[in-house]
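**Student:** Protein chains in written order, with the numbering used here: chain A, 1 to 95; chain B, 1001 to 1241.
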């Protein structure tokens, strides 16, 4: 299934559903890597790798939640960059 | 009550204030977003310094405003009943902090109104100018006012009894000490320490921080009650005062 056809249910279902945007995922992984001062090349590799893993995971699904994406992405990012994965997973749990 | 006693109360109240974590959380998040957006270290330093300045200004304003209000209602000296009320507030808040301060989820989420937390989170993400960071600092103190009202009131009660030449120094001392934890994190972030390590330490030690903050409030309440309320009452009953 094309990633453009997958609906993403936003946090708690409070906000309208939107289609899956790979670029947003890549940017968020890059931001997490940058915030732990990972080198640019390492950040780009991690973002590409996590993006590919999430695409494989959501391939047979028509609807997923933003929490699912975060969980799966964090799981894969942890194997590549545990510090960035920690920030990625916990940034909504700081305040 | 001697000037030394009053300064001890102000210092203890300021250190309790320093153990509250909202400003530290916002600073951590602000640093994380700033680094995540690949802004320079100089920009990070400007933003975090402006944020810390905002926290300092609001803390000083809050203490001064509370002291002014106390002085209006207690023109002829502090009635012991005010100290009793302050002790009650410290005991109540101390127990509340033991039970409620950090939420039981992962991370360092606090028992502050969720609307306020979301607002601060969104503002932190959107902050890119020093003036915005300064405003965020002001707001983060207000977001936690429910908890800091205890130490602030006690410090204000002590402040109004100080000789006037010491009052400004006491406000400055309270402000600086209450920002101690924030300043430590500020120095660590500015020195290039990883945000993830700082946040992980905070998460690992959050139960201790919560216990220490609650216990310190109860201990200060107990000290004030014994030293400023009970002792006076006993001496008065014995005809010594």
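All C-beta atoms, glycine included, are put in the ideal place defined by N, C-alpha and C.
1. Please confirm if residue 1200 of chain B has its CB atom under 8 Å from at least one CB of chain A.
2. Does the beta-carbon of residue 1187 of chain B have 16 or more other beta-carbons within 10 angstroms, so that it is buried, or is it exposed?
3. Per DSSP, what are the beta-bridge partners of residue 64 of chain A in this structure?
4. For the stretch 63-83 of chain A, which residues have a beta carbon sitting closer than 7 Å to at least one beta carbon of chain B?
5. Measuring CA to CA, which of B:1180, B:1197, B:1213 is closest to residue 1100 of chain B?
6. Return the Cβ separation of residue 1217 of chain B and residue 1094 of chain B in integer angstroms, given the expectation that the two are a contact with Cβ distance under 8 Å.
7. Pairs of beta-carbons, one from the stretch 1119-1134 of chain B and one from the stretch 1017-1034 of chain B, closer than 8 Å: are there three or more?
8. With distances taken Cα to Cα, identify the nearest neighbour of residue 1215 of chain B among B:1177, B:1154, B:1091.
9. Is the beta carbon of residue 1010 of chain B sitting closer than 8 Å to the one on residue 1174 of chain B?
10. Can you pull the chain B neighbours of residue 37 of chain A, defined as C-beta to C-beta under 7 Å?
11. By the criterion of Cβ-Cβ separation under 9 Å, what are the contact partners of residue 1032 of chain B in chain A?
12. Who are the neighbours of residue 1025 of chain B on chain A, taking C-beta pairs under 7 Å?
13. Determine the burial state of residue 21 of chain A: buried for a count of at least 16 other Cβ atoms within 10 Å of its Cβ, exposed for fewer.
14. Buried or exposed, going by whether 16 or more other CB atoms sit within 10 Å of the CB of residue 1144 of chain B?
15. Note down, in chain order, each residue of its chain lying with its Cβ closer than 6 Å to the Cβ of residue 63 of chain A, except the 5 sequence neighbours on either side.
16. Contact criterion: CB-CB distance below 8 Å. Does residue 1117 of chain B meet it with respect to chain A?
17. Using a threshold of 8 Å, state whether the C-beta atoms of residue 1014 of chain B and residue 1177 of chain B are closer than that.
18. For residue 53 of chain A, which residues in the same chain have their Cβ closer than 6 Å to its Cβ, ignoring the five residues on either side in sequence?
19. Decide if residue 1228 of chain B is buried, meaning its Cβ has at least 16 other Cβ atoms within 10 Å, or exposed.
20. Between the C-alpha atoms of residue 1193 of chain B and residue 24 of chain A, what's the straight-line distance to the nearest angstrom?
21. Near residue 9 of chain A, which residues of its chain fall below 8 Å by C-beta distance, leaving aside the five closest residues on each side in sequence?
22. Note down, in chain order, all residues in the stretch 1095-1113 of chain B with a beta-carbon under 8 Å from any beta-carbon belonging to chain A.
23. Contact defined as beta carbons within less than 8 Å: I believe residue 1160 of chain B pairs with residue 1070 of chain B. What is the distance between those atoms, to the nearest angstrom?
24. Can you check whether the C-beta of residue 1127 of chain B is within less than 8 Å of a C-beta belonging to chain A?
**Tutor:** By the coordinates alone:
1. The residue labelled residue 1200 of chain B in the question sits at position 200 within the second chain. Interface with chain A (8 Å Cβ-Cβ cutoff): residue 1200 of chain B is included.
2. As a position in the second chain, residue 1187 of chain B is number 187, starting the count at 1. Per the 10 Å Cβ criterion, exposed.
3. Counted from its first residue, the first chain places residue 64 of chain A at position 64. Its beta-bridge partners are A:8.
4. Of all residues in the stretch 63-83 of chain A, only 83 come within less than 7 Å of chain B when Cβ atoms are compared, listed by chain position.
5. As a working mapping, residue 1100 of chain B is identified with position 100 in the second chain. Nearest to residue 1100 of chain B by alpha-carbon distance, out of B:1180, B:1197, B:1213, is B:1213.
6. Residue mapping note: residue 1217 of chain B aligns to position 217 of the second chain, counting from 1. Residue mapping note: residue 1094 of chain B aligns to position 94 of the second chain, counting from 1. The Cβ separation is near 4 Å, so the contact holds.
7. They touch, by the three-pair rule.
8. As a position in the second chain, residue 1215 of chain B is number 215, starting the count at 1. That would be B:1091, whose Cα lies nearest to the Cα of residue 1215 of chain B.
9. For the purposes of this step, residue 1010 of chain B is taken as the residue at position 10 of the second chain. For the purposes of this step, residue 1174 of chain B is taken as the residue at position 174 of the second chain. Cβ distance < 8 Å, so residue 1010 of chain B and residue 1174 of chain B count as in contact.
10. Along the first chain, one-based indexing puts residue 37 of chain A at 37. Correct list: 1035, 1194.
11. Here residue 1032 of chain B corresponds to residue number 32 of the second chain, with the count starting at 1. Within chain A, the residues near residue 1032 of chain B are 31, 32, 35, 36, 87, 91, 94.
12. By one-based count along the second chain, residue 1025 of chain B stands at place 25. Going along chain A in sequence order, the residues near residue 1025 of chain B (Cβ under 7 Å) are 94, 95.
13. The count along the first chain starts at 1 and reaches residue 21 of chain A at position 21. It counts as exposed.
14. Along the second chain, read from residue 1 onward, the residue named residue 1144 of chain B stands at position 144. Residue 1144 of chain B comes out buried.
15. As a position in the first chain, residue 63 of chain A is number 63, starting the count at 1. Closer than 6 Å at Cβ, skipping near neighbours: 7.
16. Along the second chain, one-based indexing puts residue 1117 of chain B at 117. Chain A contact via Cβ: present.
17. The residue you call residue 1014 of chain B lines up with position 14 of the second chain. The residue you call residue 1177 of chain B lines up with position 177 of the second chain. Yes. Within cutoff.
18. Residue mapping note: residue 53 of chain A aligns to position 53 of the first chain, counting from 1. Here the set comprises 76.
19. In the second chain, counting from the first residue as 1, residue 1228 of chain B sits at position 228. Flag for residue 1228 of chain B reads buried.
20. Taking the second chain and counting its residues from 1, one reaches residue 1193 of chain B at position 193. Taking the first chain and counting its residues from 1, one reaches residue 24 of chain A at position 24. Taking the straight line from one Cα to the other gives about 27 Å.
21. Residue 9 of chain A sits at position 9 when you count from the first residue of the first chain. Here the set comprises 17, 63, 64, 65, 66.
22. 1105, 1106, 1107, 1108, 1109, 1110, 1112
23. Taking the second chain and counting its residues from 1, the one referred to as residue 1160 of chain B is at position 160. Taking the second chain and counting its residues from 1, the one referred to as residue 1070 of chain B is at position 70. Contact flag correct, Cβ pair sits at about 5 Å.
24. Within the second chain, the letter at position 127 stands for residue 1127 of chain B. False, the Cβ-Cβ gap to chain A never drops below 8 Å.
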